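Right, one structure below, let's go through it.
Protein chains: 2
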Amino acid sequence: MGIPERKEREKEHRREEIINAAQKVFFEKGLQAATMDEIAEAAELSKGTLYLYYKSKEDLYLTVMMRGIEILHNMFAATTSTKEPTVVQLVQLGDAYYEFFKQHRNYFRMFYFFQHPQFHKGVSEDMMMNCSEENQKVWREVIGVIQRGIEEGTIRPDINPVETAVILWSSSNAIMTRMDTQLEYFKERMSVDLDDVLRKSNALLLESILTDRAKQQHRALLLRGWSAEKIEIN
Amino acid sequence: MGIPERKEREKEHRREEIINAAQKVFFEKGLQAATMDEIAEAAELSKGTLYLYYKSKEDLYLTVMMRGIEILHNMFAATTSTKEPTVVQLVQLGDAYYEFFKQHRNYFRMFYFFQHPQFHKGVSEDMMMNCSEENQKVWREVIGVIQRGIEEGTIRPDINPVETAVILWSSSNAIMTRMDTQLEYFKERMSVDLDDVLRKSNALLLESILTDRAKQQHRALLLRGWSAEKIEIN
DNA sequence: CGTAATAACTGACCGCCAGTCATTTGTTAA
DNA sequence: TTAACAAATGACTGGCGGTCAGTTATTACG
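Chains Y and E supply the protein sequences, listed in that same order. For the first sequence, the positions run 1 to 234 when our numbering is used. For the second sequence, the positions run 1001 to 1234 when our numbering is used.
What follows is the structure, encoded as structure tokens:
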């Protein structure tokens, strides 16, 4: 009796095609401007059908966003599973997030919807649970590296790994959000290149959580954040 | 001929009453959920009249928000005009922003609308200009303190004041945004108190931009970020 | 005072959109 | 062939931002 199984596959396939259509429209227009009619059009289905598969526009949105979280998680997992020294891995996590920002800008943009619950009106309980779960996986990668750094003595033992992960993530995320939305503004009104700001912020924070031993060991790496300046001076 | 002047005053008064009404509704419901009919109701005017005074819902929203920027600016200005040492002023700027966050949460929330241009659809050009101008004033307070710190030798001369202001502001802002929206989440899912995170993040960043001389001079101040830990250990 | 001109205000109305549901179309089982 | 069920539809509803023809209040003037 393969019939129910085939039905199940077809249903799953339909679900994915709806996400594909939704992604296309959301990427182009953002949450607000995208309409369910457009998504239905793109999916070659009627609007009513969308609601047989997803509870609300917001649920659909978060489902697309989860793809982004998964991509980011994979990038992080690839970094933390290398044989590189812990400190290097930490730098690479920062780089990976920046890379994600540049390569998957549309997903990155979706993230800040998730961060502002004022827009979570139409989101179902289960969808929130799913997102939290995926989110946790990403956090665990960062926290894990810091934890290992402390154990092997390259990261200060008096800092809390979770707190530190939040600090590192917050500053990176905040600066990249600026880059996305106000790059020109900062360039023109404040004569500041946010690219530099990100590098320097990461450098400052990283240096401040390393042990003295690790600072010596990775001196070249630590200078990286300031290299643009150095070249200018020479 | 005092009549046109009186008319002008009355018109201005009407404008303010509309903002008061809008503020009440926006504080209660947020941008999305608030309706122009509600605001009209609160202002005891018809909806059409609102549009004689403000171009759009978003313009009205930003007008309310500007009150918040002004409050923050005044708090910053009060800090930077004291006789305190520059390093202390810098710490106090961080404290002032946190105080603003706690005392004027509703205004703080409005700020992150401003940071995400995807919602700026209905905002008029002049309104954006006004906001930028007010924003600049706040930035100048922070940058000015850092600048003076460099000049007097308490802040590292190799850092850029503007970049550093952006770094300090970004991390503070990011963590407070978390506090506002996901305090419980971080407490329950990650066993982290964002209050600690903010203090430690500020402490790390501050220490990393001071000169060695200043670090010695303000040792007590620098320990502040870690005091909760110290007490726990004792 | 009466009236014309102007300013201030109103609320019914428009277009748009998320979400619903009675109905239709397609599929399976007997 | 048909009954039972599943899948899909699109006309419809309610709510909202924004508009504008029309009403009311205010001022200026003969």
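Ideal Cβ placement from N, Cα and C applies to all residues, glycine included. Note that this is a predicted model, so its numbers are computed, not measured.
Looking only at C-alpha atoms, which of the options sits nearest to residue i?
i, options, result
"residue 154 of chain Y", "Y:42, Y:15, Y:45, Y:90", "Y:90"
"residue 106 of chain Y", "Y:135, Y:65, Y:77, Y:115", "Y:65"
"residue 1095 of chain E", "E:1055, E:1193, E:1168, E:1213", "E:1168"
"residue 205 of chain Y", "Y:193, Y:172, Y:176, Y:213", "Y:172"
"residue 1063 of chain E", "E:1017, E:1049, E:1046, E:1099", "E:1017"
"residue 1170 of chain E", "Y:157, Y:186, Y:156", "Y:186"
"residue 217 of chain Y", "Y:112, Y:86, Y:180, Y:143", "Y:86"
"residue 28 of chain Y", "Y:127, Y:158, Y:110", "Y:110"
"residue 57 of chain Y", "Y:123, Y:20, Y:156", "Y:123"
"residue 100 of chain Y", "Y:192, Y:211, Y:176", "Y:176"
"residue 1212 of chain E", "E:1196, E:1157, E:1040", "E:1157"
"residue 1074 of chain E", "E:1026, E:1226, E:1197, E:1142", "E:1142"
"residue 1210 of chain E", "E:1145, E:1038, E:1059, E:1103", "E:1145"
"residue 1197 of chain E", "Y:76, Y:226, Y:159, Y:196", "Y:159"
"residue 1051 of chain E", "E:1114, E:1019, E:1116", "E:1019"
"residue 1104 of chain E", "E:1226, E:1180, E:1192, E:1114", "E:1180"
Rounded to whole angstroms, what's the CA-CA distance from residue i to residue j? Just pull it up for me.
i, j, result
"residue 1005 of chain E", "residue 1014 of chain E", "14 Å"
"residue 1068 of chain E", "residue 1043 of chain E", "20 Å"
"residue 1098 of chain E", "residue 54 of chain Y", "40 Å"
"residue 1080 of chain E", "residue 121 of chain Y", "41 Å"
"residue 221 of chain Y", "residue 88 of chain Y", "8 Å"
"residue 1149 of chain E", "residue 166 of chain Y", "28 Å"
"residue 208 of chain Y", "residue 1208 of chain E", "7 Å"
"residue 1047 of chain E", "residue 1070 of chain E", "28 Å"
"residue 132 of chain Y", "residue 1182 of chain E", "11 Å"
"residue 1190 of chain E", "residue 1049 of chain E", "49 Å"
"residue 92 of chain Y", "residue 72 of chain Y", "13 Å"
"residue 1138 of chain E", "residue 9 of chain Y", "57 Å"
"residue 1061 of chain E", "residue 24 of chain Y", "30 Å"
"residue 11 of chain Y", "residue 151 of chain Y", "48 Å"
"residue 1001 of chain E", "residue 1147 of chain E", "Interpretation of residue 1001 of chain E is limited by its pLDDT of 47, a score under 50 that renders its predicted location unreliable; no figure is taken from the coordinates."
"residue 224 of chain Y", "residue 163 of chain Y", "24 Å"
"residue 1035 of chain E", "residue 1118 of chain E", "19 Å"
"residue 174 of chain Y", "residue 1031 of chain E", "22 Å"
"residue 1041 of chain E", "residue 1021 of chain E", "8 Å"
"residue 1178 of chain E", "residue 1084 of chain E", "31 Å"
"residue 1045 of chain E", "residue 1038 of chain E", "10 Å"
"residue 1140 of chain E", "residue 1226 of chain E", "29 Å"
"residue 1108 of chain E", "residue 1102 of chain E", "9 Å"
"residue 1134 of chain E", "residue 26 of chain Y", "33 Å"
"residue 1076 of chain E", "residue 1114 of chain E", "20 Å"
"residue 1136 of chain E", "residue 116 of chain Y", "25 Å"
Applying the 10 Å Cβ sphere with the 16-neighbour rule, what's the burial state of residue i?
i, result
"residue 129 of chain Y", "exposed"
"residue 7 of chain Y", "exposed"
"residue 33 of chain Y", "exposed"
"residue 202 of chain Y", "buried"
"residue 1214 of chain E", "buried"
"residue 1161 of chain E", "buried"
"residue 219 of chain Y", "exposed"
"residue 78 of chain Y", "exposed"
"residue 199 of chain Y", "buried"
"residue 125 of chain Y", "exposed"
"residue 1188 of chain E", "exposed"
"residue 1194 of chain E", "buried"
"residue 59 of chain Y", "buried"
Along chain E, which residues have their Cβ under 7 Å away from the Cβ of residue i?
i, result
"residue 112 of chain Y", "1116"
Can you tell me whether residue i sits near the ligand MG, meaning its C-beta is under 6 Å from at least one heavy atom of the ligand?
i, result
"residue 116 of chain Y", "Absence of the ligand MG is noted for the structure shown, with no ligands found whatsoever."
Which chain Y residues are close to residue i, counting only those with a beta carbon under 7 Å from its beta carbon?
i, result
"residue 1174 of chain E", "170, 171, 173, 174"
"residue 1163 of chain E", "192, 196, 197, 200"
"residue 1063 of chain E", "Per Cβ cutoff of 7 Å: no residues; residue 1063 of chain E is ~19 Å from chain Y at best."
Name the chain Y residues that come within less than 8 Å of residue i, Cβ to Cβ?
i, result
"residue 1167 of chain E", "171, 175, 197, 200, 201, 204"
"residue 1030 of chain E", "118"
"residue 1219 of chain E", "Correct list: empty, because the minimum Cβ distance to chain Y is about 16 Å."
Which residues of chain E have a Cβ atom closer than 8 Å to the Cβ of residue i, listed in chain order?
i, result
"residue 132 of chain Y", "1185, 1189"
"residue 25 of chain Y", "The premise fails here: residue 25 of chain Y is roughly 14 Å from chain E at the closest Cβ pair, so nothing lies under 8 Å."
Check the Cβ of residue i against every Cβ in chain Y and list those closer than 9 Å, keeping chain order.
i, result
"residue 1068 of chain E", "Within chain Y, no residue comes near residue 1068 of chain E; the closest Cβ sits about 16 Å away, beyond 9 Å."
"residue 1181 of chain E", "115, 116, 117, 118"
Which chain E residues sit within Cβ distance under 9 Å of residue i?
i, result
"residue 178 of chain Y", "1115, 1166, 1170"
Original post:
In the stretch 1194–1208 of chain E, which residues sit with their C-beta less than 7 Å from some C-beta in chain Y, listed in chain order?
Top reply: 1196, 1197, 1200, 1201, 1204, 1205, 1207, 1208
**OP:** Check distances from the C-beta atoms of the stretch 1070–1102 of chain E to those of chain Y and list, in chain order, the residues that come in under 7 Å.
**Re:** none
Original post:
Got a sec: which bits of the stretch 122–147 of chain Y sit with their beta carbon under 9 Å from any beta carbon on chain E, in order along the chain?
Top reply: Residues of the stretch 122–147 of chain Y that bring their beta carbon within less than 9 Å of a beta carbon in chain E comprise 132, 135, 136, 139, 143, in sequence order.
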